[in-house]
Amino acid sequence: MKRTFPKTAFALLTACAIPGQAVRSEGAQPNIVILFADDMGYGDAGCYGNPLIKTPNIDRLAADGMRLTSFVTASWCVPSRTELMTGRYMPRVDFKGGTGSDGKGGLPDSELTLAEGLKAAGYATHMIGKWHLGYKEKRFLPVYQGFDTWFGLPYSNDYMRPWVNTDEPLGLYRGEEMVEHPFDQDPLTTRYTEEAVSLIGKSGAVPFFLYLAYSMPHLPLAVSEGRRGKSAAGLYGDVIEELDWSVGEVLAALEGKGITGNTIVIFLSDNGPWIEMPPRMLQAGNKRWHAGSTGPLRGSKASTYEGGTRVPALIRWPVATKAGQVRADLVGMPDIYRTLLGVAGAKLPEHVLDGYDLTDFLAGKADLSPRPDYYYFNGKLEAVRSGDWKLRTTSGKPELFNLRTDVSERIDRAAELPEKVAELRGLMEKMAQEVGAGIAGT
């Protein structure tokens, strides 16, 4: 798909691409696999401390690579996926409408998606699963946004009655056509996995990008019949353990093809678990306990406390990243876009990006993550983190937390540290002005 960009900032952005290109020069372009869970909590996997749900494959991925304990993203599906696919905070991207069942908006042509950038760099690009970045016009669909193939859902699996008041059919797409409606959600994870394994098996000499965006564990929960009732954590545990099975199948497919060493595998969740779900979701079999764990974190999906925005994040890159690392450095969803385009040797867009290149950090050539701060948008700008400190203004009264000593955000330091509040408030005002967003609580 043809894109046009303003003729500014090219030299700066090209210079910023050097770290990733330096690593790439040491070997062939790596294959890239992103495994993207939907509403999975920070505390849902064994490697993040869950005592009941068994996740041996996710845990193995953590042991073989880097586990991040302070990876943050937007607290909703669409803003999070926007950060992944464009490397930009959502207020910078003009969707011109919603992207759900009745939404008419979508990614504008001015955005260079991750898939488009990688495709231009010579990659075969494949997507499986939930898109949620526009579908009403064909130009918004994944196959018009840089992906060679797509099999999955155009938006969340709850966009149907009784949970959403819509008459639009929720159907499975292949390419640009809806191929199944209605469909059974229970085997969806299995079907996505079979599609992924098949694509890996058919891969050849051309490097590939595979984006597997699971529909689970977003409500309504669905799991294959053979895996129902198998976990020690109820239906939700069954769903997570099936996701873990899927991760294992994908890793086994890479191993069987002999390409593990030259494949970057990234496991993420789009946001935190839906603990504070709205009343519309508590019907047709959904229960309040059909949500994941935030571990020690406060909050829920849709909130800008850490429980809504801090997610499990694992990166395995055998040729560059030392195995068994656990890092508490601040890393954000936009960094994935910036890093992968750099590693692939792809050209960057000439507009402002909100991501940082993690290549040297992942390769052990830099002691710290390059990200100094992260801005938490939820329509308006609600919070900022700079270093260890986080300021939230949502309630109208500033809340200040030191996340290094108080990850649960229980001790508000605003009253005793007004100068820190003022400093972070200044950062919020500058960013809000830059992107044209309001500041919550004002």
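Take 20 as the starting number for the sequence shown in my numbering and just add one per residue. Even glycine gets a Cβ: it sits at the ideal position worked out from N, Cα and C. Note that the structure is predicted; figures quoted are calculated from it, not measured.
Continuous beta strand (DSSP E) stretch holding residue i: start and end
i, result
"D392", "D392 to N397"
"T144", "A143 to G148"
"A441", "It is not in any beta strand (DSSP E) - A441 instead sits in the alpha helix (DSSP H) that spans P437 to V454."
"V345", "Q344 to R346"
"S288", "T282 to S288"
"G220", "Looking at the DSSP string, G220 is not in any beta strand (DSSP E); the run it does join, the alpha helix (DSSP H), is L207 to K221."
"A251", "No beta strand (DSSP E) holds A251; DSSP gives it neither H nor E."
"T328", "Careful: T328 lies outside any beta strand (DSSP E), inside the alpha helix (DSSP H) at E325 to T328."
"A232", "F227 to A232"
Assigned secondary structure, residue i (DSSP; H/G/I helix, E/B strand, else coil)
i, result
"V112", "coil"
"N50", "strand"
"T413", "coil"
"L359", "helix"
"W264", "helix"
"S44", "The pLDDT assigned to S44 is 44, lower than 50, so where the model puts this residue is not dependable; a value taken from the coordinates is nonetheless given after this. The answer is coil: DSSP assigns S44 none of H, G, I, E or B."
"I259", "helix"
"R335", "strand"
"F159", "helix"
"A272", "helix"
Residue i at chain B interface by Cβ criterion, 8 Å
i, result
"A385", "Reference to chain B is not applicable here, since this structure consists of a single protein chain."
Residue i burial status per 10 Å Cβ neighbour count (16 or more: buried)
i, result
"L207", "buried"
"E195", "exposed"
"N50", "buried"
"G122", "buried"
"W169", "buried"
"R307", "exposed"
"H237", "buried"
"H145", "buried"
"D186", "exposed"
"G60", "buried"
"Q452", "exposed"
Beta-carbon separation (whole angstroms), residue i vs residue j, contact threshold 8 Å
i, j, result
"G190", "P353", "Going by Cβ atoms, the distance from G190 to P353 rounds to 31 Å, so no, they are not a contact pair."
"I77", "G256", "13 Å between Cβ atoms; not a contact."
"I355", "K276", "No, I355 and K276 are not in contact; Cβ-Cβ is about 23 Å, not under 8 Å."
"T413", "G445", "The pair is not a contact, with the Cβ atoms about 18 Å apart (cut-off 8 Å)."
"F396", "A93", "6 Å"
"E428", "R317", "5 Å"
Same chain only: Cβ atoms within 6 Å of residue i, ignoring 5 sequence neighbours per side
i, result
"M447", "L400, V403 and I458"
"A140", "A363, G364 and A365"
"M450", "Y394"
"T212", "S265 and E268"
"V284", "V52 and R335"
"A332", "L87, F90 and L287"
Beta-carbon contacts of residue i that lie in its chain and below 8 Å, excluding the five residues immediately before and after
i, result
"L387", "D348 and F380"
"G65", "I72, K73, T74, P75, I77 and D78"
"S250", "L71, I72, K73, G256, D257, I259 and E260"
"S175", "D57, C96, G119, K149, H151, S234 and H237"
"L372", "L32, G106, R107, P353, Y356 and R357"
7 Å Cβ shell around residue i - same chain, five flanking residues per side excluded
i, result
"S319", "G291, P292, W293, I294, E295, G326 and G327"
"I278", "N50"
"V454", "Y108, P110 and R111"
"E442", "none"
"L436", "L419"
"E214", "I147 and F170"
"G383", "K341"
"M179", "T185 and L189"
"G343", "A82"
Extent of the continuous alpha helix (DSSP H) to which residue i belongs
i, result
"L80", "P75 to D83"
"G136", "L133 to A139"
"F19", "Because residue 19 is not part of the residues shown, which for the chain are 20 to 461, the question remains open."
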